[in-house]
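**Q**
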Amino acid sequence: MSDELVGDVAAAPPPTPPRDEPSSEEQASSWLRRVATGGFGVTVLSFVLAFVIGAVLIAAVDEDVDDAASYFFSRPGDLFSAAWDAIWSAYSALFRGSVINFEAYTVADALKPLAGTMAQASPLIVAALAVAVAFRAGLFNIGAQGQVTVGATVAAYIGFTYHLPAVVHLPLALAGGIAAGAVWGGIAGLLKARTGAHEVIVTIMLNYVATYLLAWLLTTTAFQVPGSNEPKSPAVDDSAQLPPLFGDRYDVTWGFVVALLGAVVVWWLMSRSRLGFQLRAVGSNPRASRTAGISVPRMTTYVMLISGALAGLAGAVQLLGTSKALTDGVAGSIGFDAITVALLGRSRPLGIVFAGLLYGGLTRGGQFMEVATGTPIDIVLVLQALVVLFIAAPGLVRGVFRLPEPRLVEKSAA
Amino acid sequence: MQLELRGITKRFGALVANDHIDLVVEPGQIHALLGENGAGKSTLMNVLFGLYRPDEGEIVVDDEPVRFTSPGDALAAGIGMVHQHFMLVPVFTVAENVMLGHEPTRRGGSLDLESARTLVRDVAHRFGFDLDPDAVVEDLPVGVQQRVEIVKALARDAKVLILDEPTAVLTPQETDELIEIMRQLRDAGTSIVFITHKLREVRAVADVITVVRRGRIVGTAEPTAAENDLAAMMVGRDVSLQVDKAPPQVGDVALEIDDLTVVDALGTRVVDGVDLSVARGEIVAVAGVQGNGQTELVETVLGVRSAVAGSVRLDGTELLGRSVRDVLDAGVGFVPEDRTEDGLVADFTVAENLVLDLVHDTRFRHGLALDLAAIGANARERIAEYDIRTQGPGQAAGKLSGGNQQKVVVARELSRPLRLFIASQPTRGVDVGSIEFLHRRIVAERDQGTAVLIVSTELEEVAALADRVAVMYRGKVVGIVPGDTPRDVLGLMMAGVPLDEAQRQAEDHPTVETLIEEGDQP
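Sequence order for the protein chains is A and B.
Those letters in the first sequence? Residues 0 to 413, per numbering that gives the first Met the number 0, in order.
Those letters in the second sequence? Residues 0 to 521, per numbering that gives the first Met the number 0, in order.
In structure tokens, the structure reads:
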């Protein structure tokens, strides 16, 4: 090669290298998208696998099994029958506590666990919808917990401070929760849009702010039961409560209907509306969206407002349907469980409804299992964690079940 | 080493990507595999490199059948591959990249970087090119990065080198250098399989040409074959490489760029006082080597980048400082240079992509809701009009071939009335058949009276389309010349030589490009 040609190249500014190496953020978001929209088969198998490991744990912590193990070499059969008994009784209790109690005397009583599961699932579904909306617009809303907290706080305040007829009071309390959550989420969205502050960091910090804000509010007289020093608010008026859906006998309230409506609205928003189209476009490819005239910062703000509003609604549903009074633990772990539920439901509204019911069922069933069989509820937490772990590592699940890799789609056959 | 493929068949579901392909690569030969995007060239090479296993057929090396289950096997058998997208670690040095995967170590397990450096120098020296073993890869120009890939393969004693679309990312000068390197490798006894869809390069460098179409070998050709014949074999029908266009009916000036200056994040003037105007009914092409400010120029017109000085007026209205939305609404159609990054949402369907910047239009919405029926109807119309090869409007755009993706972008931008149409690299990575089509559409848009601004690094494209050519170098317009200016002159201007000087030099020293043009085989 002649020196002249080398000189030419050196003189010209270096061309931009092909944008092939995704930045770590892009990689993280593509991982997120894969997990959030992964295969259904893997989800089911993840449950199977988690329950198998759960079974081993149940057997391992059972006292009878422990006893039988001490004389394993003289009568090995005892160990297996003890283990089987422990696993069967634990899992059947889990089922009886969450779906149908087949040991109940009346049909009405037998259905109580299912109603409990629905009650448990209601706020979870709404909060998971919040997380899913953000996911699909390419944002990771870790702040559902804080948004649930402020939503519950404002809903409670409206519920016990004002005394209004139910037709006004309940919608007002729900709206208050929505507005509070929207503000909380909107702060993160606006900061990201204006300054580029990463939404994960901002929302985590806002979680702390919400938690301690609530703790402080509960020390003020405005939020305490008159004449009490307890960090607990008065119960909200009956007129602000979500009424029971199937009568007082069952836990489930109209909050479940709110959750289903929320799912329908989110489906319409993401699949049928122009705003949802633009949100999804930004989530999938912000550069192409910008070139197509979509304002990415504006979409970022909108999506965090919407996501926050849904999480705030989840807080209101939890408070007005289940908790009734405000305590510092009112949000429980709804905001964090919502992330799991959104992943399980693959960020699709219908999937989230089922995933929420499943998660609610595991929680209710776990509580019943602990009471009925003495199996610690931690087993259920381990199950939930394992399910998420396996869904996040589909290769592992496929390996265990010897499934083939999904067929490689040729990127560009040239 | 002689390499032979016998009856290779590879299926993906119902799609037969390779259908009983027979191919013999003789030692010391440059064997070009010519075919359109999607013809199955890369699949074949991935079979050869051990990335895919063939459903039928066998690979024979020096009369011994071999089975490759991984690229490692192929490397061990002396087959090296340079992928279209480089497999380099950007933050590593050249030597580190070359030794990656079989790192030489001293006793005790510490890395022996010195022997890797020596290896790089040896290989580079042996084949007469220039490579600094200690340069960090991400700081190197694309052409040099590609050399690192070649050295990587040669350092593992590759006897057969597969180059997958090696020129797709290169500037004209870098392409010339690569061709030179390929010749040296051949003379040193290395066989090269050169995958491409660019006719000019094939004729310049290949010893044997095998043409692939729809997964089958449709014939072989001599490098002396005419471009039109090769194109016809590749596409399966006659294609005209030259666009038929009438003289432009030039109207009033539509786009006026005055003294536009754009500064990048590092403070460099990437666009430096550019004056340019485009009239209704004419095509102005901005020619230049990649990275000389053309991209920034059009991005500034669109409004995704802001200018520090100057003005951009469309029909007298200032565009600078307005949002992208406003600029698009003012009647600007924009085809970005990098369609996968900037032009399409890969996860979205073809139908959704065809309305990506049109969903605010009342044609495609009812109030807040999308009008899915209208969007579907629009998709079917555009797919038919542009002959977009897709399984249907519901297919994800990311799954289409490059040419069809580009048709989606162009179809969308031309599907509304425009005052100004801007297309950056409108046919980059697009197959010959689609290039012809896209060029005709662009000329048709001009003939409707739209002002058209094209940015291209391909001289063929500039020559085919432009009524006037503005050559950019280091952010400045070196000169504005008529569309029929000789290629040599444009090439020299792209290197920063002023017009008169370029004309004089072009007569004295014809470049490789002209030699190819005249059908001269070295």
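Quick reminder that beta carbons are idealized off the backbone N, C-alpha and C, glycines included.
As the structure is a prediction and not an experimental result, all values here were calculated from the model.
For a contact meaning CB atoms closer than 9 angstroms, what does A/L274 contact in chain B?
**A** Counting only Cβ-Cβ distances below 9 angstroms, A/L274 has contacts in chain B at L367, in chain order.
**Q** Could you have a look at A/A239 and say whether DSSP puts it in helix, strand or coil?
**A** helix
**Q** Counting C-beta neighbours from all protein chains within 10 Å, is the total for A/A118 16 or more, i.e. buried, or is it exposed?
**A** With a 10 Å radius around the Cβ and a threshold of 16 neighbouring Cβ atoms, A/A118 comes out buried.
**Q** Could you name the residues of the same chain whose beta carbon sits closer than 7 angstroms to that of B/A505, not counting the 5 residues immediately before and after it, in chain order?
**A** P485, D487, V488, L491
**Q** If you draw a straight line from the alpha carbon of B/D483 to that of B/L2, how long is it in whole angstroms?
**A** 45 angstroms
**Q** Does the beta carbon of A/G292 sit closer than 8 angstroms to a beta carbon anywhere in chain B?
**A** Taking Cβ atoms only, chain B reaches closer than 8 angstroms to A/G292, which makes this a yes.
**Q** Would you tell me roughly how many angstroms separate the C-alpha atoms of B/R427 and B/A286, rounded to the nearest one?
**A** 14 angstroms
**Q** Which residues in the same chain have their Cβ closer than 6 angstroms to the Cβ of B/R381, if we skip the five residues on either side of it in sequence?
**A** L353, A410
**Q** For the alpha helix (DSSP H) that contains A/S80, what are its first and last residues?
**A** 75–97
**Q** Apply the 10 Å Cβ neighbour rule to B/H124 and answer buried if 16 or more other Cβ atoms are within range, or exposed otherwise.
**A** exposed
**Q** Hey, does B/V358 have any beta-carbon neighbour from chain A nearer than 8 angstroms?
**A** yes
**Q** Quick one: residues in its chain with C-beta nearer than 6 angstroms to the C-beta of A/G175, no 5 flanking neighbours on either side, listed in chain order?
**A** Around A/G175: V153, A154, I157.
**Q** Can you tell me whether A/W87 is buried or exposed, with buried defined as 16 or more other CB within 10 angstroms of its CB?
**A** exposed
**Q** Can you tell me where the alpha helix (DSSP H) with B/V119 in it begins and where it stops?
**A** 112–125
**Q** Go through its chain and collect everything with a Cβ distance to B/Y472's Cβ below 8 angstroms, but skip five positions before and after it.
**A** G287, V288, N291, M492, M493, A494, G495
**Q** Quick check on B/H30: does DSSP put it in helix, strand or coil?
**A** Three-state DSSP puts B/H30 in a strand.
**Q** For A/F159, which residues does DSSP report across the bridge?
**A** Note: A/F159 sits in no beta bridge, so no partner.
**Q** Who are the Cβ neighbours of B/V90 in its own chain at under 7 angstroms, not counting the five residues just before and after it?
**A** V135, E137
**Q** Closer than 6 angstroms by C-beta to A/A308: which residues in its own chain qualify, once you throw out the five before and the five after it? Chain order, please.
**A** I177, G180, A181
**Q** Between the segment 308–324 of chain B and chain A, which residues of the former have a C-beta closer than 9 angstroms to a C-beta of the latter?
**A** The residues in question are S322, V323, R324.
**Q** Just to confirm my understanding: we take A/S288, look at its own chain, exclude 5 residues before and 5 after, and list those with CB closer than 8 angstroms. What are they?
**A** Q277, A280, V281, V295, M298
**Q** Please list the segments of the beta strand (DSSP E) lying wholly inside the segment 298–340 of chain B, counting only runs of 3 or more residues, in order along the chain.
**A** Listed in chain order, they are 308–313, 331–334.
**Q** With DSSP run on the structure shown, which of helix, strand or coil describes A/T218?
**A** coil
**Q** If I follow the unbroken beta strand (DSSP E) through A/R248, where does it start and stop?
**A** Careful: A/R248 lies outside any beta strand (DSSP E) and carries neither H nor E.
**Q** Between A/G169 and A/A187, which are expected to be in contact by the criterion C-beta below 8 angstroms, what is the C-beta distance as a whole number of angstroms?
**A** The sequence shown places Leu at residue 169 of chain A, not Gly. Taking the Cβ atoms as the reference, A/L169 lies roughly 28 angstroms from A/A187, outside the contact range of under 8 angstroms.
**Q** Between the alpha carbons of B/G366 and B/D360, how many angstroms are there, rounded?
**A** A straight line joining the alpha-carbon of B/G366 with that of B/D360 spans about 10 angstroms.
**Q** Rounded C-beta distance between B/V429 and B/K244? I'm assuming under 8 angstroms.
**A** Between B/K244 and B/V429 the Cβ distance is about 19 angstroms, and since that is not below 8 angstroms, they are no contact.
**Q** So what's B/E255 in DSSP terms, helix, strand or just coil?
**A** strand
**Q** Does the pairing of the segment 229–243 of chain A with the segment 332–342 of chain B give three or more beta-carbon distances under 8 angstroms?
**A** Pairwise C-beta distances place the segment 229–243 of chain A out of contact with the segment 332–342 of chain B, as fewer than three of them are shorter than 8 angstroms.
**Q** Does the CB of A/A165 have a neighbour CB from chain B at under 8 angstroms?
**A** No - not a single Cβ of chain B is within 8 angstroms of the one on A/A165.
**Q** Check A/I141 in the structure and name its three-state DSSP category.
**A** coil
**Q** Taking C-beta pairs closer than 8 angstroms, name the residues in chain A that B/A586 reaches, listed in chain order.
**A** Because chain B spans 0 through 521 in this model, residue 586 of chain B falls outside it and cannot be assessed.
**Q** I'd like to know if A/A179 contacts chain B, where contact means its C-beta is closer than 8 angstroms to some C-beta of that chain.
**A** Not one chain B Cβ lies under 8 angstroms of A/A179.
**Q** Drop a sphere of 10 angstroms on the beta-carbon of A/W215, count the other beta-carbons inside from all chains shown, and report buried for 16 or more, exposed for fewer.
**A** exposed
**Q** Alpha carbon to alpha carbon, what distance is there between B/D228 and B/Q83?
**A** 26 angstroms
**Q** Compare the Cα-Cα distances from A/G275 to each of B/D263, B/E317, B/A395, B/L369 and report the closest residue.
**A** B/L369
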